[in-house]
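**Q** One structure follows; several queries about it will come next.
2 protein chains.
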Amino acid sequence: MNYPGGIKKRQSPLQNNFVDYANRGMKLEDDLNITNNYYRDINKAVIYKKPTPIKITKVNFLSRSNVTIKEAFFDTPSTTDYNGIYKGKYIDFEAKETTSKTSFPLSNIHPHQLKHLEMIEEHGGIAFIIVKFTHLNKIYLLLEKDLKQFLNNTTRKSIPLSFFENNGYMIKEKFNPRIDYLEILDNIGGNNEEKN
Amino acid sequence: MNYPGGIKKRQSPLQNNFVDYANRGMKLEDDLNITNNYYRDINKAVIYKKPTPIKITKVNFLSRSNVTIKEAFFDTPSTTDYNGIYKGKYIDFEAKETTSKTSFPLSNIHPHQLKHLEMIEEHGGIAFIIVKFTHLNKIYLLLEKDLKQFLNNTTRKSIPLSFFENNGYMIKEKFNPRIDYLEILDNIGGNNEEKN
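Those protein sequence lines, which keep their order, are chains A and B.
First residue of the first sequence? That's 1 in this note's numbering, and the numbers climb one at a time after it.
First residue of the second sequence? That's 1001 in this note's numbering, and the numbers climb one at a time after it.
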């Protein structure tokens, strides 16, 4: 939603003290959480963001109901951030933002996350990544099979924007749901030729 | 694995400093993690335990790669602990232990977790709970539809062992995989009459 003067108004129910307007890194995640809440509210799909993996090193244990974590660290995720079910199908994806205007750095995704997406595809799930080029305000969904095709044929350390334009599916931001990626999956259907 | 004198020998690769031999609460989780690792290793299924949800309240931020959590609390889970994909199907379950010899207290499972399992079933996934009666050394898999049947017809605050015996499926502990719950799902197949 763009307001006059380029001000972006946000009233996210998920917004908390850790997120501020300058924190671009959280915006896509917030919008996907709101989108997934919406999908659940209308009973369209059950898809959640997994909790952030954390390695706990010090705990203050007073009682079963009174436990405070006194020291912990962010852990490397072994899987992707989002998964769930849609129309009986297993859905699995990773979402990332980049400030680059020309390409998506592959360093943003861990190799075991790529391996995970590949396994999901092999096992009959729907696996993809959602990438937002924040400075272009463009969001693309790229299926794992297309991502793999790229990775198998290059030594590049980033995926050029043109690859997303030619092989991905652009997701237009809406009011509700904000990032309607399930509509993209509906449109793709079984017809892999039908690109946007 | 029962050794002479009733000693249980455990050599879990997941065992860490927080888990000791007396901590019965972790045993089922450990064994399920090892089972899921095994399923992934043989490429049978891709099922993970989700990270424990944590609410972070204080962070020491030195740099992007040097962040220490200084205070955090365990959060109420909004979904179940385990999900993934098996034979193209979405799998979702919660696992709990009880020291009771006669019934499983429903207070062990949050109402929104029960609601979550119900939604998964509605959306065409395979939803269930795994309950271990630790003092009886018996593990049961109970499908969501049978669990719902029980909940809809009672005001009881616990599920009697006999209900698991009559409506659930006993999982016999093995060496590898330790808790072969996918074998149970294979055996159930489409035939709901075939109980153990």
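C-beta atoms are modelled at their ideal positions from N, C-alpha and C, and glycine is treated no differently.
Note that the structure is a prediction, hence the values are computed from the model and not measured.
Confirm, please, whether the CB-CB distance from MET1170/B to LYS1132/B is below 8 Å.
**A** No, the Cβ-Cβ distance between LYS1132/B and MET1170/B is not below 8 Å.
**Q** Taking SER162/A as part of the alpha helix (DSSP H), name the residues at either end of that continuous run.
**A** Here the alpha helix (DSSP H) through SER162/A covers 161 to 167.
**Q** Looking at the structure shown, is GLU1097/B part of a helix, part of a strand, or coil, going by DSSP?
**A** DSSP places GLU1097/B in strand when its eight states are reduced to three.
**Q** Between which residues of its own chain and SER1158/B is the CB-CB distance below 7 Å, once the five residues before and five after are set aside?
**A** Once the five neighbours on either side are set aside, the close Cβ partners of SER1158/B are SER1103, PHE1104, PRO1105, LEU1106.
**Q** With distances taken from CA atoms, which of LEU1117/B, ALA1045/B, ASN1176/B is nearest THR1080/B?
**A** Out of LEU1117/B, ALA1045/B, ASN1176/B, LEU1117/B has the C-alpha closest to the C-alpha of THR1080/B.
**Q** Rounded to whole angstroms, what is the Cα-Cα separation between GLU144/A and LYS49/A?
**A** Approximately 19 Å, taken between the alpha carbons.
**Q** Whose C-beta lies closer than 7 Å to the C-beta of ALA1022/B among residues of the same chain, with five residues either side of it excluded?
**A** Caution is warranted here: a pLDDT of 41 is assigned to ALA1022/B, below 50, making its placement in the model unreliable, and no coordinate value can be reported.
**Q** With DSSP as the reference, identify every bridge partner of LYS1138/B, one or two as the case may be.
**A** Per DSSP, PHE1133/B.
**Q** Going by C-alpha to C-alpha distance, which of VAL1059/B, ARG1178/B, LEU1147/B sits closest to GLY1168/B?
**A** Of the listed residues, the one whose Cα sits closest to GLY1168/B is LEU1147/B.
**Q** What does the alpha-carbon distance come out to for the pair LYS1089/B and TYR90/A?
**A** Straight-line Cα distance between these residues: approximately 7 Å.
**Q** In angstroms, rounded to a whole number, what distance separates the CA positions of ARG178/A and LEU1142/B?
**A** Looking at the two C-alpha atoms, the distance is approximately 37 Å.
**Q** Can the beta-carbon of THR98/A be found closer than 8 Å to that of THR134/A?
**A** Yes, the Cβ-Cβ distance between THR98/A and THR134/A is below 8 Å.
**Q** PRO1051/B versus chain A: which residues are under 7 Å apart at the beta carbon?
**A** Here the neighbours are LYS50, PRO51, THR52, PRO53, ILE54.
**Q** For GLU173/A, name the three-state secondary structure that DSSP assigns.
**A** GLU173/A: coil per DSSP, three-state reduction.
**Q** Just tell me which of LYS70/A, LYS87/A, LYS58/A has its CA closest to the CA of LYS1058/B.
**A** Of the candidates LYS70/A, LYS87/A, LYS58/A, the one whose C-alpha sits nearest the C-alpha of LYS1058/B is LYS70/A.
**Q** List the residues of chain A whose Cβ lies closer than 9 Å to the Cβ of PHE1073/B, in chain order.
**A** Residues of chain A passing the Cβ test: VAL67, THR68, ILE69.
**Q** Which residues, taken in chain order from the stretch 74 to 89 of chain A, show a beta carbon closer than 9 Å to some beta carbon of chain B?
**A** So the list reads PHE74, ASP75, PRO77, SER78, THR79, ASN83, GLY84, ILE85, TYR86, LYS87, GLY88, LYS89, given in the order they occur along the chain.
**Q** Taking HIS1110/B as the reference, which of ASN1166/B, ASN1176/B, PRO1051/B, SER1078/B has the closest Cα?
**A** Ranking the options by Cα distance to HIS1110/B, first place goes to SER1078/B.
**Q** Buried or exposed for GLY125/A, please, with buried defined as at least 16 other CB atoms from any protein chain shown within 10 angstroms of its CB.
**A** GLY125/A should be labelled buried.
**Q** Does the beta carbon of GLY1124/B come closer than 8 Å to any beta carbon on chain A?
**A** Interface residue, yes.
**Q** Please list the segments of the alpha helix (DSSP H) lying wholly inside the stretch 23 to 88 of chain A, counting only runs of 4 or more residues, in order along the chain.
**A** You should have 27 to 41.
**Q** Which residues, in order along the stretch 94 to 127 of chain A, keep a beta-carbon less than 7 Å from a beta-carbon of chain B?
**A** Going along the stretch 94 to 127 of chain A in chain order, one finds MET119, ILE120, HIS123, GLY124, GLY125 with a Cβ nearer than 7 Å to chain B.
**Q** Decide if ILE42/A is buried, meaning its Cβ has at least 16 other Cβ atoms within 10 Å, or exposed.
**A** Label assigned to ILE42/A: exposed.
**Q** Need the endpoints of the alpha helix (DSSP H) that LYS1214/B sits in, please.
**A** Since the displayed chain B opens at 1001 and closes at 1196, residue 1214/B lies outside it and no answer follows.
**Q** In this structure, does DSSP put ILE179/A in helix, strand or coil?
**A** In the structure shown, ILE179/A sits in coil (DSSP, three-state: anything other than H, G, I, E or B).
**Q** Which residue or residues does DSSP assign as beta-bridge partners of LEU143/A?
**A** Per DSSP, PHE128/A.
**Q** Compare the C-beta of VAL46/A against all C-beta atoms of chain B and say whether one is closer than 8 Å.
**A** It does; some Cβ of chain B falls within 8 Å.
**Q** Between the alpha carbons of THR1182/B and TYR1086/B, how many angstroms are there, rounded?
**A** This sequence places Leu at residue 1182/B; Thr is not what is there. Taking the straight line from one Cα to the other gives about 8 Å.
**Q** Considering Cα atoms alone, identify which of ILE34/A, ILE56/A, ALA95/A is closest to VAL46/A.
**A** For VAL46/A, the nearest C-alpha among the options comes from ILE34/A.
**Q** Decide if GLU122/A is buried, meaning its Cβ has at least 16 other Cβ atoms within 10 Å, or exposed.
**A** It counts as exposed.
**Q** Report the partner residues of PHE104/A according to the DSSP bridge assignment.
**A** BP columns for PHE104/A point to ILE159/A.
**Q** Using DSSP bridges, identify the partner residues of ASP92/A.
**A** According to DSSP, ASP92/A bridges with ASN83/A, ALA127/A.
**Q** Report all residues from its chain with a CB closer than 8 Å to the CB of ALA1072/B; omit the five preceding and five following residues, and keep chain order.
**A** Closer than 8 Å at the Cβ level, and outside the excluded window around ALA1072/B, lie ILE1054, LYS1055, ILE1056, THR1057, LYS1058.
**Q** Going by DSSP in three states, ASN1152/B sits in which element: helix, strand or coil?
**A** The answer is helix: DSSP assigns ASN1152/B an H, G or I state.
**Q** With PHE1128/B and PHE1093/B assumed to form a contact (beta carbons below 8 Å), what rounded beta-carbon distance in angstroms separates them?
**A** So it is a contact: roughly 5 Å between Cβ atoms.
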